[in-house]
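*Asks:*
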Amino acid sequence: MKYQSEDKIYLIHRNNNVKKWFWISMALLILGLFLPWTQNISLTGNVSSLYQEQRPQQLNSPIPGKIVKWFVKNGDFVKKGDTILQISEIKDEYFDPLLVERTEQQMSAKKGVGDYYSAKVKTTNSQLSALDNALDLKLSQLKIKISQLNNKLAAEEAELLAVKNELKLSEDQFNRQKKMFDEGLVSLTQFQQRSASYQNTVAKKTSAENKVAQTRQEITNTQIEQNAAIQEYTEKISKIEGDRFQALGQIEGNSGEIAKLQNQITNYKMRKGLYYIIASQDGQITQINKAGIGEILKDGESIGMIVPTNVDYAVEFYIKPVDLPLIKEGQSVTCIFDGFPAIVFSGWPNSSYGTFKGKVIAVEGNISANGMFKALVIQDKDDKPWPPQIMMGAGVNGLAILNDVPIWYEIWRNINGFPPDYYVVKNGTDEKKK
1 MKYQSEDKIY
11 LIHRNNNVKK
21 WFWISMALLI
31 LGLFLPWTQN
41 ISLTGNVSSL
51 YQEQRPQQLN
61 SPIPGKIVKW
71 FVKNGDFVKK
81 GDTILQISEI
91 KDEYFDPLLV
101 ERTEQQMSAK
111 KGVGDYYSAK
121 VKTTNSQLSA
131 LDNALDLKLS
141 QLKIKISQLN
151 NKLAAEEAEL
161 LAVKNELKLS
171 EDQFNRQKKM
181 FDEGLVSLTQ
191 FQQRSASYQN
201 TVAKKTSAEN
211 KVAQTRQEIT
221 NTQIEQNAAI
231 QEYTEKISKI
241 EGDRFQALGQ
251 IEGNSGEIAK
261 LQNQITNYKM
271 RKGLYYIIAS
281 QDGQITQINK
291 AGIGEILKDG
301 ESIGMIVPTN
311 VDYAVEFYIK
321 PVDLPLIKEG
331 QSVTCIFDGF
341 PAIVFSGWPN
351 SSYGTFKGKV
361 IAVEGNISAN
371 GMFKALVIQD
381 KDDKPWPPQI
391 MMGAGVNGLA
401 ILNDVPIWYE
411 IWRNINGFPP
421 DYYVVKNGTD
431 EKKK
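Going by our numbering, the residue at position 171 of the sequence shown is 171; the numbering climbs one at a time, nothing skipped.
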């Protein structure tokens, strides 16, 4: 006997669609394997800035000092030029409140000394000019005297020559007279007269020779006097020139000291301006690590940070060395910012929601401390803008867009451990490689 319950429990005799649905599913699965899949590389990084001056900057104390007054607190926004902190001196050489004025007085005194030496140089120049004129005058006098003596010597030498001629004639006459006297042709009186005339001529010759010798001696004495005058004036001029050079040396040394004092005055004035630490740009004050009044700051010590408010944001992504050949300048990157909800389909980036497009503008050629390479990504101006709420240092996940391949190929590639396909940017277009 067959019960109706058997038809409810045992379905052997009933027709079902399992087999049909199985083949339909298999067909759909096979068709799905031929759907396009966008290959990508997962990246991690953080928000940074395109320019160094827009990144968080340290606030440093330019000089050692003691904290006098705070004008800001953590989290405050400041404008460029706003005062952040006032400090005071802790070095005893800068305690004098009139330090600049006293140094300026020292410089004025040094300038007065320089004026004195300048006047001394002018005086020595006048003395040198006077000595040069006196030497020229003395030499001119001596030259005239030597010229006169030379003329006198010429006249005396002419006179001596005439006397010599006269002596020769007188000597001939005396010899003839003596011969005639010896022969008795002339009287003794005539012979004595001729002898006296001869002796007078000899005396005249001796006198003329003495005059010539005396004149020559005067010329020699005058020449010696000339050399002595040159020596005397040379010594005087050398002494005055020594004084002049000494004064010039004092002027140069004094000029160096004046320049040094001017440098000190400038440094003192600049140092006064460093007692107030001001904001170098618009931004927010963060991470203040000094508290209270009276704390001592070292030279160059960090006080806190200032985060600029006007920033051209960029993202620093870190790339594994194995993926480095796949990243090129101009390559598209999908960015997912922390804190902004996103639905991501890694294989279909165009279907993702809450993601933002970027472009690679640079890839660093040296490895970072974390063992990866850094790539800098900026906003893609042809796509929607990045959210204005992103902050410096926020975390970012990224997908570097590579080649479009079928799903079956991507599964096969992953099973075999093959690297993704990649493309090279050329003339603004993506040239794909396999």
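Backbone N, C-alpha and C define an ideal beta-carbon position, used for all residues, glycine too.
Tell me, which residues are paired with G393 by DSSP?
*Replies:* Start at 1 with the first residue of the sequence shown, and residue 393 comes out as number 393. Beta-bridge pairing links G393 to no other residue.
*Asks:* Is there contact between the region 211-227 and the region 105-119, where contact requires at least three CB pairs shorter than 8 Å?
*Replies:* The region 211-227, when compared against the region 105-119, does not touch it at the 8 Å Cβ threshold.
*Asks:* Quick one: what does DSSP say V163 is sitting in, helix, strand or coil?
*Replies:* In the sequence shown, the residue the question calls residue 163 occupies position 163. In this structure, V163 counts as helix in the three-state DSSP scheme.
*Asks:* Between which two residues does the beta strand (DSSP E) holding I293 run?
*Replies:* Looking up residue 293 in the sequence shown gives position 293. No beta strand (DSSP E) holds I293; DSSP gives it neither H nor E.
*Asks:* For L50, which of Y233, L43, V311 has the nearest alpha-carbon?
*Replies:* Looking up residue 50 in the sequence shown gives position 50. Comparing Cα-Cα distances from L50 to each of Y233, L43, V311, the minimum goes to V311.
*Asks:* Find out if the Cβ-Cβ distance for the pair E156, K122 is shorter than 8 Å.
*Replies:* Position 156 of the sequence shown holds residue 156. Position 122 of the sequence shown holds residue 122. Contact: no.
*Asks:* Check I63 in the structure and name its three-state DSSP category.
*Replies:* Start at 1 with the first residue of the sequence shown, and residue 63 comes out as number 63. Coil, per DSSP.
*Asks:* What is the DSSP secondary structure of E329, counted as helix, strand or coil?
*Replies:* Position 329 of the sequence shown holds residue 329. E329 falls in the coil class under three-state DSSP.
*Asks:* Pull up the distance between the alpha-carbon of F152 and that of E166, whole angstroms please.
*Replies:* Mapped onto the sequence shown, residue 152 falls at position 152. Mapped onto the sequence shown, residue 166 falls at position 166. Contrary to the premise, residue 152 reads as Lys rather than Phe in this sequence. C-alpha separation (whole angstroms): 21 Å.
*Asks:* Tell me where the beta strand (DSSP E) around K374 begins and ends.
*Replies:* The count along the sequence shown starts at 1 and reaches residue 374 at position 374. Segment 373-379, the beta strand (DSSP E) holding K374.
*Asks:* Roughly how many whole angstroms lie between the Cα atoms of A208 and Q190?
*Replies:* Residue 208 sits at position 208 when you count from the first residue of the sequence shown. Residue 190 sits at position 190 when you count from the first residue of the sequence shown. The alpha-carbon atoms of A208 and Q190 are separated by roughly 27 Å.
*Asks:* So, is A203 buried or exposed, given that buried needs 16 or more other C-beta atoms within 10 angstroms?
*Replies:* Position 203 of the sequence shown, counted from the start, is the residue given in the question as residue 203. A203 comes out exposed.
*Asks:* L297 and G81: beta carbons closer than 8 Å?
*Replies:* For the purposes of this step, residue 297 is taken as the residue at position 297 of the sequence shown. For the purposes of this step, residue 81 is taken as the residue at position 81 of the sequence shown. Result no, Cβ atoms of L297 and G81 do not sit closer than 8 Å.
*Asks:* Exposed or buried, which one is I67 when buried takes at least 16 other CB atoms within 10 Å?
*Replies:* The residue you call residue 67 lines up with position 67 of the sequence shown. With 16 or more Cβ atoms within 10 Å of its Cβ, I67 is classed as buried.
*Asks:* To the nearest angstrom, how far is the alpha carbon of K328 from that of G294?
*Replies:* Start at 1 with the first residue of the sequence shown, and residue 328 comes out as number 328. Start at 1 with the first residue of the sequence shown, and residue 294 comes out as number 294. If you take the alpha carbons of K328 and G294, they lie about 54 Å apart.
*Asks:* So what does S88 bridge to, in DSSP terms?
*Replies:* In the sequence shown, residue 88 corresponds to position 88, counting from 1. BP columns for S88 point to K66.
*Asks:* Can you have a look at K20 and say buried or exposed, based on whether 16 or more other CB atoms are within 10 angstroms of its CB?
*Replies:* Within the sequence shown, the letter at position 20 stands for residue 20. Answer is exposed; the Cβ neighbour count stays below 16.
*Asks:* Below 8 Å between beta carbons: does that hold for V363 and G330?
*Replies:* Residue numbering aside, residue 363 sits at position 363 when the sequence shown is read from its first letter. Residue numbering aside, residue 330 sits at position 330 when the sequence shown is read from its first letter. Against a cut-off of 8 Å, the Cβ pair of G330 and V363 comes out as no contact.
*Asks:* Could you round the C-beta distance between G479 and L43 to whole angstroms and report it? I think they count as a contact, below 8 Å.
*Replies:* No statement about residue 479 is possible, as the shown extent of the chain runs from 1 to 434 and does not include it.
*Asks:* Under a three-way DSSP split, which group does K357 fall into?
*Replies:* As a position in the sequence shown, residue 357 is number 357, starting the count at 1. Of the three classes helix, strand and coil, the one that applies to K357 here is strand, per DSSP.
*Asks:* Could you give the first and the last residue of the continuous alpha helix (DSSP H) run that contains V311?
*Replies:* Working through the sequence shown from its first residue, we reach residue 311 at position 311. No alpha helix (DSSP H) contains V311, which DSSP labels as neither H nor E.
*Asks:* Is the Cβ of Q214 closer than 8 Å to any Cβ of chain D?
*Replies:* Included in the structure is just one protein chain, with no chain D present.
*Asks:* Given a threshold of 16 other Cβ atoms within 10 Å of its Cβ, counted over all protein chains shown, does V322 qualify as buried or as exposed?
*Replies:* As a first step, residue 322 is located in the sequence shown; it is residue number 322 there, counting from the start. Exposed, because fewer than 16 other Cβ atoms sit within 10 Å of the Cβ of V322.
*Asks:* Anyone know if the C-beta pair for E288 and G304 falls short of 8 Å?
*Replies:* As a working mapping, residue 288 is identified with position 288 in the sequence shown. As a working mapping, residue 304 is identified with position 304 in the sequence shown. First, the residue type needs correcting, since residue 288 is Ile and not Glu in the sequence shown. Their beta carbons are under 8 Å apart, which means I288 touches G304 by this criterion.
*Asks:* Which whole-angstrom value is the C-beta distance of Y268 and L131, which I expect to be below 8 Å?
*Replies:* Working through the sequence shown from its first residue, we reach residue 268 at position 268. Working through the sequence shown from its first residue, we reach residue 131 at position 131. At roughly 47 Å, the Cβ-Cβ gap does not stay under 8 Å, so Y268 and L131 are not in contact.
*Asks:* Quick check: what's the CA-CA separation for M1 versus I415?
*Replies:* As a first step, residue 1 must be located in the sequence shown, where it is residue number 1. As a first step, residue 415 must be located in the sequence shown, where it is residue number 415. Bear in mind that a pLDDT of 49 at M1, under 50, signals an unreliable position, so the number given afterwards is only what the model happens to contain. When rounded, the distance between both Cα atoms is 58 Å.
*Asks:* Let me check understanding here. Comparing Cα to Cα, which of I240, D76, K179, I90 lies closest to K120?
*Replies:* To locate residue 120, count along the sequence shown from 1; it is residue 120. Checking every option, the nearest Cα to that of K120 belongs to I240.
*Asks:* Could you check the C-alpha separation between I277 and D115 for me, to the nearest Å?
*Replies:* Translated into positions along the sequence shown, residue 277 becomes position 277. Translated into positions along the sequence shown, residue 115 becomes position 115. Taking the straight line joining both Cα atoms gives about 41 Å.
*Asks:* Mind the definition here: the region 51-60 touches the region 239-257 only if three or more C-beta pairs lie below 8 Å; say whether that holds.
*Replies:* Segments in contact, no.
*Asks:* Just tell me which of R271, I401, S368, D299 has its CA closest to the CA of N60.
*Replies:* As a position in the sequence shown, residue 60 is number 60, starting the count at 1. Nearest of R271, I401, S368, D299 to N60, Cα basis: D299.
*Asks:* Helix or strand or just coil, what does DSSP make of I224?
*Replies:* Within the sequence shown, residue 224 is the residue found at index 224, counting from 1. Helix.
*Asks:* Pull up the distance between the alpha-carbon of D383 and that of T355, whole angstroms please.
*Replies:* Numbered from its first residue, the sequence shown carries residue 383 at position 383. Numbered from its first residue, the sequence shown carries residue 355 at position 355. Looking at the two C-alpha atoms, the distance is approximately 11 Å.
*Asks:* With respect to the beta strand (DSSP E) encompassing I367, which residues constitute its N-terminal and C-terminal limits?
*Replies:* Within the sequence shown, residue 367 is the residue found at index 367, counting from 1. Counting along the chain, I367 falls outside any beta strand (DSSP E), and DSSP gives it neither H nor E.
*Asks:* Give me the DSSP bridge partner(s) of G304.
*Replies:* As a first step, residue 304 is located in the sequence shown; it is residue number 304 there, counting from the start. DSSP lists L59 as partners of G304.
*Asks:* Hey, out of I401, S332, G292, V307, whose CA is closest to I87's CA?
*Replies:* To locate residue 87, count along the sequence shown from 1; it is residue 87. Looking at the Cα atoms, G292 is the closest of the given residues.
*Asks:* Considering only residues of the same chain and omitting the five flanking positions on each side of T429, which have a CB-CB separation below 6 Å?
*Replies:* Start at 1 with the first residue of the sequence shown, and residue 429 comes out as number 429. Only weak support exists for where T429 lies, its pLDDT of 43 falling under 50; the value from the coordinates is given anyway. Cβ neighbours of T429 beyond the five flanking positions: none.
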